[in-house]
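Enquirer: In the working numbering, the protein residues as written are 430 to 858.
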Amino acid sequence: MKQLTYHIGLCVRAFPSDRQKQIIRKNAGVNRFVYNRLVGVNREMYELSKTAQYSPTDRDRLLYLKSAYGTTTDMRNAIPFLNDPDIDCFSIANAKQDYQKAWSQFKKVPSTGFPAFKRRSNSFSYGTNCNYPSDVLNNPDTIGLYEGAVRFLDHNHIHLPILGRIRIKGSKKTVASLLDRTDFTRIGTVRVTIDECGNCFLSIALASDTPFHIPYPKTGKAVGMDMNLNNFLTDSDGTVIDTPKYLKKSEKKLKKAQRKLSRMQECAKKDNRKMRESKNYQKQRQKLAEIHKHVANQRKDFIRRTADREVKNHDFLFAEDLKVRNLMKNHRVAKAIADSGWRMFLTQLEWCATKHGRICILVNPKNTTQTCSSCGYVCTGDDHIALGVEEWTCPECGTHHIRDLNAAINIKNTGLLYLKESGIPISLN
Ligand SMILES: [Zn+2]
Numbered sequence: 430m431k432q433l434t435y436h437i438g439l440c441v442r443a444f445p446s447d448r449q450k451q452i453i454r455k456n457a458g459v460n461r462f463v464y465n466r467l468v469g470v471n472r473e474m475y476e477l478s479k480t481a482q483y484s485p486t487d488r489d490r491l492l493y494l495k496s497a498y499g500t501t502t503d504m505r506n507a508i509p510f511l512n513d514p515d516i517d518c519f520s521i522a523n524a525k526q527d528y529q530k531a532w533s534q535f536k537k538v539p540s541t542g543f544p545a546f547k548r549r550s551n552s553f554s555y556g557t558n559c560n561y562p563s564d565v566l567n568n569p570d571t572i573g574l575y576e577g578a579v580r581f582l583d584h585n586h587i588h589l590p591i592l593g594r595i596r597i598k599g600s601k602k603t604v605a606s607l608l609d610r611t612d613f614t615r616i617g618t619v620r621v622t623i624d625e626c627g628n629c630f631l632s633i634a635l636a637s638d639t640p641f642h643i644p645y646p647k648t649g650k651a652v653g654m655d656m657n658l659n660n661f662l663t664d665s666d667g668t669v670i671d672t673p674k675y676l677k678k679s680e681k682k683l684k685k686a687q688r689k690l691s692r693m694q695e696c697a698k699k700d701n702r703k704m705r706e707s708k709n710y711q712k713q714r715q716k717l718a719e720i721h722k723h724v725a726n727q728r729k730d731f732i733r734r735t736a737d738r739e740v741k742n743h744d745f746l747f748a749e750d751l752k753v754r755n756l757m758k759n760h761r762v763a764k765a766i767a768d769s770g771w772r773m774f775l776t777q778l779e780w781c782a783t784k785h786g787r788i789c790i791l792v793n794p795k796n797t798t799q800t801c802s803s804c805g806y807v808c809t810g811d812d813h814i815a816l817g818v819e820e821w822t823c824p825e826c827g828t829h830h831i832r833d834l835n836a837a838i839n840i841k842n843t844g845l846l847y848l849k850e851s852g853i854p855i856s857l858n
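1. Do the region 650-665 and the region 839-848 make contact, defined as three or more Cβ pairs closer than 8 Å?
2. Under a three-way DSSP split, which group does Thr828 fall into?
3. Any contact between the region 626-640 and the region 791-811? By contact I mean 3 or more CB pairs, one from each, below 8 Å.
4. For Phe510, which of helix, strand or coil comes out of DSSP?
5. State the Cα-Cα distance for the pair Asp744 and Phe731, rounded to the nearest angstrom.
6. Does the region 436-444 touch the region 493-512, meaning 3 or more C-beta pairs lie closer than 8 Å?
7. Apart from the five residues just before and just after Ile407, which ones in its own chain have a Cβ nearer than 8 Å to its Cβ?
8. Closer than 7 Å: is that where the CB of Cys801 sits relative to any heavy atom of ligand 1?
9. Taking the alpha-carbon positions, what's the Leu683 to Ile452 distance?
10. Which residue or residues does DSSP assign as beta-bridge partners of Asp503?
11. What ranges does the alpha helix (DSSP H) occupy inside the region 660-714, keeping only unbroken runs of at least 4 residues that lie completely in it?
12. Alpha helix (DSSP H) containing Met474: first to last residue?
13. Starting from Glu820, follow its DSSP beta bridges and name the residues at the other end.
14. With DSSP as the reference, label Thr541 as helix, strand or coil.
15. Examine chain B for any beta-carbon lying closer than 8 Å to the beta-carbon of Ser606, and answer yes or no.
16. Determine the extent of the beta strand (DSSP E) in which Val652 is found, giving its start and end residues.
17. For ligand 1, is there a heavy atom less than 7 Å away from the beta-carbon of Cys808?
18. Could you name the residues of the same chain whose beta carbon sits closer than 6 Å to that of Phe747, not counting the 5 residues immediately before and after it, in chain order?
19. Let's test the definition: count the other Cβ atoms within 10 Å of the Cβ of Glu820 and tell me whether it reaches 16, buried, or not, exposed.
20. Taking 7 Å as the cut-off, is the beta-carbon of Cys789 closer than that to any non-hydrogen atom of ligand 1?
21. Across the region 670-680 and the region 762-771, are there enough close Cβ pairs to call them in contact, namely three or more that are closer than 8 Å?
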């Protein structure tokens, strides 16, 4: 996979049968089990390594653990139920790999903490891999979409290891364009997820030496974008996009559903029933999860459409590199910021820009609001522009500014200056 130049991820909805759902549940359970077992074993090994020098029993235990959990095969020999025919061996291997990633991350950045145990949650997933016969990978004329352990059967069906044939839906255009390709395209890891609402999704990693996306035609335009709480964003062309406030719109519904759920939880507790066995509680939990998912999907859709429109219309895109985590510390605006999805927009913008051959740069947000875009005067002290002031006049040159538009123009200018300094050729109309 790594040797190929272009990589994309494809997420599609899948419709497994009851039997297939059972297999997914089993594999996800194994995935979590293996990960947690490795967390436990590694902690024990760490403690044993301190005393192994002096105590022969500790040394023997350490040697046993090393041999029993070294490879996937060792693990299968040590834990017999991992040999169940429904269990995908890649699920075990992926859990092991996930643990190793977490461990090396901890080694690199100790503040991330020792890898923790994974809790049982209402959504579960496992990873599987597309294994290819060696003649497919060595033959340049094949297209790896049809030959591997994970393969497309047609536009609406995919084959997965152990699970077999599954119907898929969504990303119609991408799937169609993929299946029309004639160049070698390889499938990598596939993550099978069942979310809180009980819906199944497949995230498929794909790689190829030919690009997956066609670059947009050049427009010769640059744009600066200012994000704030009054509206979602103002760009330097003067376009103002309002914040949709999806969470606020669904808040009433959410509160009602949440209240109902807490009531059911109390009732179940009073009767000494387990939450997982309380059917009405589970039904209500799913309803609540569906409302949350709806809000999240609305936001995702809005952000994707907005980012795509900006990328389509401009060659160079500049935005503020906002430290959202710091801004969220102000609890009065935290909810509004989280609802607007700024960070998600920036990530989407950067990704969408690279995908279509555009240049997107996040600039330092310092003084973007306080600087006059005509003369460069920075308002400080008594001239400082307070929050909530929407229009102002520059004390130096007398230009009347609309706050957000001025900031957007400043962002654009900073971005263009940065490009000039780094020697990237700019051709604007
Ligand atoms: Zn001025």
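Ideal placement from N, C-alpha and C gives every residue a C-beta, glycine not left out.
Expert: Walking through what the data contain:
1. yes
2. Here residue 828 is taken as the residue at index 399 of the sequence shown, counted from 1. Thr828: coil per DSSP, three-state reduction.
3. no
4. By one-based count along the sequence shown, residue 510 stands at place 81. Note: Phe510 maps to helix in three-state DSSP.
5. For the purposes of this step, residue 744 is identified with residue 315 of the sequence shown, where counting begins at 1. For the purposes of this step, residue 731 is identified with residue 302 of the sequence shown, where counting begins at 1. Asp744 and Phe731: Cα-Cα distance of roughly 21 Å.
6. no
7. Since the first residue shown for the chain is 430 and the last is 858, residue 407 is missing from the structure and cannot be characterised.
8. In the sequence shown, the residue the question calls residue 801 occupies position 372. Cys801 Cβ: within cutoff of ligand 1.
9. For the purposes of this step, residue 683 is taken as the residue at position 254 of the sequence shown. For the purposes of this step, residue 452 is taken as the residue at position 23 of the sequence shown. If I take the Cα positions, the gap works out to 33 Å.
10. Locating residue 503 in the sequence shown gives position 74, counting from the first residue. Asp503 is not bridged to any residue.
11. 675-699
12. One-based indexing of the sequence shown puts residue 474 at position 45. Looking at the DSSP string, the run of the alpha helix (DSSP H) that includes Met474 is 447-480.
13. The sequence position of residue 820 within the sequence shown is 391, counting from 1. DSSP, once it has assigned bridges, lists Ile831 as partnering Glu820.
14. Translated into positions along the sequence shown, residue 541 becomes position 112. Residue state, collapsed to three classes: helix.
15. Chain labels in this structure do not include chain B; a single protein chain is all it has.
16. Counted from its first residue, the sequence shown places residue 652 at position 223. 651-656 is the extent of the beta strand (DSSP E) around Val652.
17. The residue labelled residue 808 in the question sits at position 379 within the sequence shown. False, no ligand heavy atom lies under 7 Å from that Cβ.
18. For the purposes of this step, residue 747 is taken as residue 318 along the sequence shown, with counting starting at 1. Same-chain partners within the cutoff: Gly653, Ile790, Val792, Ile840, Lys841, Gly844.
19. Residue mapping note: residue 820 aligns to position 391 of the sequence shown, counting from 1. With fewer than 16 other Cβ atoms within 10 Å, it is exposed.
20. As a working mapping, residue 789 is identified with position 360 in the sequence shown. Not under cutoff, so the answer is no.
21. yes
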